[in-house]
Amino acid sequence: MSDIKKKLKEKYEQLGENPETYLKGLLHAKPINYWDYVEVNTLLSLQKPRTHFKDESIFIMYHQVTELVLKMMCHELEQITEEKQLTEDYLITKINRLNRYTTLLITSFDIMKDGMDYDDYNIFRSTLTPASGFQSAQFRYIELYCTRLQNLVNDQGKSRLPVKPTIADYFEHIYWKDAGLNRKTGEKTLTMQQFEDEYLEGFVAFAKKIEGNTLEDRILELPELSSDLKDKLKEFDVLYNVKWPLVHLSTAKHYLNKKGEQKAATGGSKWIKYLHPKHQQRKFFPVLWTQNEKDSWGSN
Ligand code: HEM
Numbered sequence: 001m002s003d004i005k006k007k008l009k010e011k012y013e014q015l016g017e018n019p020e021t022y023l024k025g026l027l028h029a030k031p032i033n034y035w036d037y038v039e040v041n042t043l044l045s046l047q048k049p050r051t052h053f054k055d056e057s058i059f060i061m062y063h064q065v066t067e068l069v070l071k072m073m074c075h076e077l078e079q080i081t082e083e084k085q086l087t088e089d090y091l092i093t094k095i096n097r098l099n100r101y102t103t104l105l106i107t108s109f110d111i112m113k114d115g116m117d118y119d120d121y122n123i124f125r126s127t128l129t130p131a132s133g134f135q136s137a138q139f140r141y142i143e144l145y146c147t148r149l150q151n152l153v154n155d156q157g158k159s160r161l162p163v164k165p166t167i168a169d170y171f172e173h174i175y176w177k178d179a180g181l182n183r184k185t186g187e188k189t190l191t192m193q194q195f196e197d198e199y200l201e202g203f204v205a206f207a208k209k210i211e212g213n214t215l216e217d218r219i220l221e222l223p224e225l226s227s228d229l230k231d232k233l234k235e236f237d238v239l240y241n242v243k244w245p246l247v248h249l250s251t252a253k254h255y256l257n258k259k260g261e262q263k264a265a266t267g268g269s270k271w272i273k274y275l276h277p278k279h280q281q282r283k284f285f286p287v288l289w290t291q292n293e294k295d296s297w298g299s300n
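Numbering of the sequence shown is given in my numbering, commencing with residue 1 and proceeding in unit increments.
Dropping the structure here:
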């Protein structure tokens, strides 16, 4: 019996199954093909524009591409945070991957800016209210994987936190609430309400699960950080928390602020202020930045 047959026999016997039955199945099974394996037909049936404007499909597909890339990033982050023994080489490989994915998102964003008709976009976007990219949950999961909750609260938020904040306190003051919570009246935009109803419970549960084990925690517990690894981590921080936000903001300005008229966003935020990295102050690895660099975050 060939080695492979022996191994197959052992595999199914260990499962308490008859190997012959499985081999017979293999004999009759159809060979796999590209379209079934990649689920091409399903994937290509997921674009459902709400208007007749041709570029609405581009808008939907580019968001879908982004969500897939964010899923690849979550996939990497899940592996890193679950890895028992982190080595320098492993981390550099993984952070390089994260940087590559984020660069892809930054360099492709022109598809949104110059790749859609300005007037058409400004009409079909009104049918999307109150939906907004703000409601992308994977965008928030990446933050929760990467850093401790305290780093997702900007200086203004920190001044409101109690002395010993709980996870719920951090979420109450997390930077992204600035997009749709009126802190004076307690009122929330519909975009924010929908988002929290759908995802907040899951975010809190995930934050509890990953507490003490985020990428930042894992890095802080390493005995030493090489300058190479530090550079990669800093690069990731800048790509994800400065460069992507800036390229996204410049596209928002292109459509919503062309002649300084500041149109309302579909998600209803005071978006020019809110979307700027200077306002959000989001950093995954603050320990790697000098005070000067932190103070000028997003300025250059
Ligand atoms: C024409 C293209 C786009 C415009 C004009 C635009 C505009 C905006 C605006 C104004 C906001 C602020 C929230 C609000 O009030 O709605 C926002 C948030 C957001 N958008 Fe977009 N966006 C565009 C494309 C995209 C794409 C392709 C993605 C990818 C998924 C995306 C993801 C996000 C995310 C994640 C946020 C929240 C950012 C944060 O909280 O820091 N946007 N967008």
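Ideal placement from N, C-alpha and C gives every residue a C-beta, glycine not left out. A quick note: this is a predicted structure, and the numbers were derived from the prediction, not measured.
For residue i, which option in the options has the closest C-alpha, if you only look at C-alpha atoms?
| i | options | result |
| --- | --- | --- |
| residue 136 | 215, 13, 194 and 251 | 194 |
| residue 43 | 107, 19, 196 and 61 | 61 |
| residue 189 | 219, 33 and 129 | 129 |
| residue 55 | 114, 34 and 38 | 114 |
| residue 243 | 265, 231, 275 and 270 | 275 |
| residue 245 | 216, 224, 215 and 298 | 298 |
| residue 92 | 72, 233, 211 and 131 | 233 |
| residue 71 | 8, 142, 257 and 89 | 142 |
| residue 211 | 40, 146 and 112 | 146 |
| residue 69 | 106, 2 and 279 | 106 |
| residue 123 | 11, 279 and 50 | 50 |
| residue 277 | 295, 79 and 11 | 295 |
| residue 104 | 65, 14, 116 and 201 | 65 |
| residue 83 | 13, 161, 183 and 218 | 218 |
| residue 127 | 183, 161, 184 and 59 | 59 |
| residue 57 | 15, 258 and 116 | 116 |
| residue 183 | 200, 257 and 160 | 160 |
| residue 248 | 224, 112 and 162 | 112 |
If you count every other CB in all the chains shown that lies within 10 Å of the CB of residue i, and 16 or more means buried, which is it?
| i | result |
| --- | --- |
| residue 140 | buried |
| residue 63 | exposed |
| residue 25 | exposed |
| residue 33 | exposed |
| residue 125 | buried |
| residue 191 | buried |
| residue 267 | buried |
| residue 220 | exposed |
| residue 173 | buried |
| residue 241 | buried |
| residue 152 | buried |
| residue 250 | exposed |
| residue 2 | exposed |
| residue 269 | buried |
How many whole angstroms separate the CB atoms of residue i and residue j, which I take to be in contact at a CB cut-off of 8 Å?
| i | j | result |
| --- | --- | --- |
| residue 292 | residue 81 | At roughly 30 Å, the Cβ-Cβ gap does not stay under 8 Å, so residue 292 and residue 81 are not in contact. |
| residue 120 | residue 53 | 4 Å |
Can you check whether the CB of residue j is closer than 8 Å to the CB of residue i?
| i | j | result |
| --- | --- | --- |
| residue 77 | residue 222 | no |
| residue 144 | residue 207 | yes |
| residue 262 | residue 272 | yes |
| residue 171 | residue 203 | yes |
| residue 118 | residue 22 | no |
| residue 132 | residue 252 | no |
| residue 90 | residue 73 | no |
| residue 9 | residue 19 | yes |
| residue 88 | residue 229 | yes |
| residue 216 | residue 148 | yes |
| residue 138 | residue 67 | yes |
Touching by the beta-carbon criterion (3+ pairs, under 8 Å), the segment 232-241 and the segment 285-293: yes
At a cut of 8 Å, does the segment 165-182 reach the segment 91-105 through at least three beta carbon pairs? no
Is the segment 172-185 touching the segment 152-161, taking contact as three or more C-beta pairs under 8 Å? yes
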